[in-house]
Ligand SMILES: [Zn+2]
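Residue numbers (this note's numbering): 538 to 860.
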């Protein structure tokens with residue numbers, strides 16, 4: 538993605554995960570940390586500016602579950618008499634458009650918000666959603682990270698803590714089940730994958746899985762080594778997602794086309810494993826990171842997966858970091 542005006546930024550569900558790749562894409566070379574810091578600061582503003590005007594697309598799934606696309610990570614919404622239950626809160630700057638999209642789903646008040654992990658593009662809506670009535674639930678590391686300054690090395694960026702209302706008030710270590718609007722909603726921690734705060738959210742009766750950022754549909758993923766992520770963790774989480782689903786399950790990825798399925802998830806898993814194998818083999822031969830990136834170790838996959846915010850070079854660098 539090159540952030541051109543011709544190609545709407547919302548097409549591929551941009552997020553702050555994109556900052557490193559964008560810093561690369563904007564210049565064609567890797568920036569020094571100091572340059573990247575300056576660049577990232579500009580890009581953070583750009584993401585906020587974009588979220589402030591991006592349109593929200595609503596996709597109705599089944600059993601009163603919809604997915605909202607266009608404010609950072611894909612947001613799932615369950616409606617009913619217990620109130621609206623949101624899975625992820627998007628970017629705070631999208632408040633106006635999200636408020637309208639949520640109102641269009643019905644008159645139930647907003648009652649619950651679950652965060653799939655701590656990243657800004659899934660949690661910076663926490664503050665306004667809490668003020669609108671949401672009780673916020675997350676894995677305990679999400680609360681920890683949202684309560685402190687967070688440094689993400691691959692973005693060379695420090696995120697400030699959220700204000701108290703935006704901090705999850707109910708946390709769990711491994712698993713937690715909610716019964717709301719006639720649905721059984723199971724929250725389950727992954728072993729560290731994209732971060733070490735990731736959870737899956739399963740709507741049992743509807744057979745819908747929100748996989749958070751352990752799954753990017755049709756685009757290379759960001760992997761946040763600063764808070765416990767790794768390529769091997771991403772592959773393990775993909776295996777867990779495959780084991781938890783059937784060909785009938787609707788799978789919501791954190792980013793990319795928001796209504797997905799098991800066969801697309803399998804392709805994602807196979808791409809991750811192949812990239813890991815190629816890059817690990819080159820690293821074993823003693824190639825440097827820059828030599829490996831220049832060798833285009835993901836070339837066979839770039840046409841399909843390289844069009845998102847994490848471009849092939851940035852993805853190769855992220856895999857290299859973990860093998
Ligand atoms: Zn993320």
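Each residue gets a CB set at the ideal place from its N, CA and C atoms; glycine is no exception.
Problem set entry | Proximity test, residue 791 beta-carbon vs ligand 1 heavy atom, cut-off 7 Å | Position 254 of the chain shown, counted from the first residue, corresponds to residue 791. Residue 791 Cβ: within cutoff of ligand 1.
Problem set entry | Cutoff 8 Å: residue 710 Cβ touching any chain C Cβ | The structure shown contains no chain C; it holds only a single protein chain.
Exercise. When you compare only the Cα positions, how much space is there between residue 757 and residue 775?
Worked result: Against the chain shown, residue 757 aligns to sequence position 220. Against the chain shown, residue 775 aligns to sequence position 238. So the alpha carbons of these two residues sit roughly 14 Å apart.
Exercise. Nearest-angstrom Cα distance between residue 644 and residue 664?
Worked result: Residue 644 sits at position 107 when you count from the first residue of the chain shown. Residue 664 sits at position 127 when you count from the first residue of the chain shown. In a straight line, the C-alpha of residue 644 is about 21 Å away from that of residue 664.
Problem set entry | Those residues which DSSP pairs with residue 676 across a bridge | On the chain shown, position 139 is the one that residue 676 refers to. Note: residue 676 sits in a beta bridge opposite 709.
For this session: Assign residue 707 to one of two classes, buried (16 or more other C-beta atoms within 10 Å of its C-beta) or exposed (fewer than that).
Result: Taking the first residue of the chain shown as 1, we reach residue 707 at position 170. Exposed, since its Cβ has fewer than 16 Cβ neighbours within 10 Å.
For this session: Check the C-beta distance from residue 749 over to residue 760 and give it rounded, since I have them as a contact under 8 Å.
Result: By one-based count along the chain shown, residue 749 stands at place 212. By one-based count along the chain shown, residue 760 stands at place 223. Wrong, their Cβ atoms sit about 13 Å apart, outside the cutoff.
Exercise. By the 10 Å Cβ neighbour count, where 16 or more other Cβ atoms means buried, how is residue 590 classified, buried or exposed?
Worked result: Numbered from its first residue, the chain shown carries residue 590 at position 53. By the 10 Å Cβ count, residue 590 comes out exposed.
Problem set entry | Whole-angstrom distance between residue 833 and residue 810, CA atom to CA atom | Counting from 1 along the chain shown, the entry for residue 810 is found at position 273. Counting from 1 along the chain shown, the entry for residue 833 is found at position 296. If you take the alpha carbons of residue 810 and residue 833, they lie about 16 Å apart.
Problem set entry | CA-to-CA distance, residue 752 to residue 843, given in whole angstroms | Position 306 of the chain shown, counting from 1, holds the residue named residue 843. Position 215 of the chain shown, counting from 1, holds the residue named residue 752. A direct Cα-to-Cα measurement between residue 843 and residue 752 gives close to 15 Å.
For this session: Pull up the distance between the alpha-carbon of residue 826 and that of residue 670, whole angstroms please.
Result: For the purposes of this step, residue 826 is taken as the residue at position 289 of the chain shown. For the purposes of this step, residue 670 is taken as the residue at position 133 of the chain shown. So the two alpha carbons sit approximately 47 Å from each other.
Problem set entry | Counterpart residues of residue 740 in DSSP-defined beta bridges | Residue mapping note: residue 740 aligns to position 203 of the chain shown, counting from 1. Bridge partners of residue 740: 722 and 745.
Exercise. Based on Cα-Cα distance, which residue from 729, 626 and 595 lies nearest to residue 863?
Worked result: The requested residue 863 is not part of the displayed model; the chain covers only 538 to 860.
For this session: Pick helix, strand or coil for residue 797, following the three-state DSSP scheme.
Result: Residue 797 sits at position 260 when you count from the first residue of the chain shown. Looking at residue 797 - three-state DSSP - the assignment turns out to be strand.
Exercise. Is residue 713 near ligand 1, judged by its Cβ being under 7 Å from some heavy atom?
Worked result: Taking the chain shown and counting its residues from 1, one reaches residue 713 at position 176. Checking every heavy atom of ligand 1 against the Cβ of residue 713, none is found closer than 7 Å.
Exercise. Can you give the Cα-Cα distance for residue 722 and residue 746, rounded to whole angstroms?
Worked result: Counting from one through the chain shown, the residue named residue 722 turns up at place 185. Counting from one through the chain shown, the residue named residue 746 turns up at place 209. Taking the straight line joining both Cα atoms gives about 10 Å.
Exercise. Should residue 852 be counted as a contact of ligand 1 given a C-beta to heavy atom distance under 7 Å?
Worked result: What you label residue 852 is simply residue 315 of the chain shown in a count that begins at 1. It does not: the Cβ of residue 852 is nowhere closer than 7 Å to a heavy atom of ligand 1.
Exercise. Which term fits residue 675, buried or exposed, when burial requires 16 or more other beta carbons within 10 angstroms of its beta carbon?
Worked result: As a working mapping, residue 675 is identified with position 138 in the chain shown. Label assigned to residue 675: buried.
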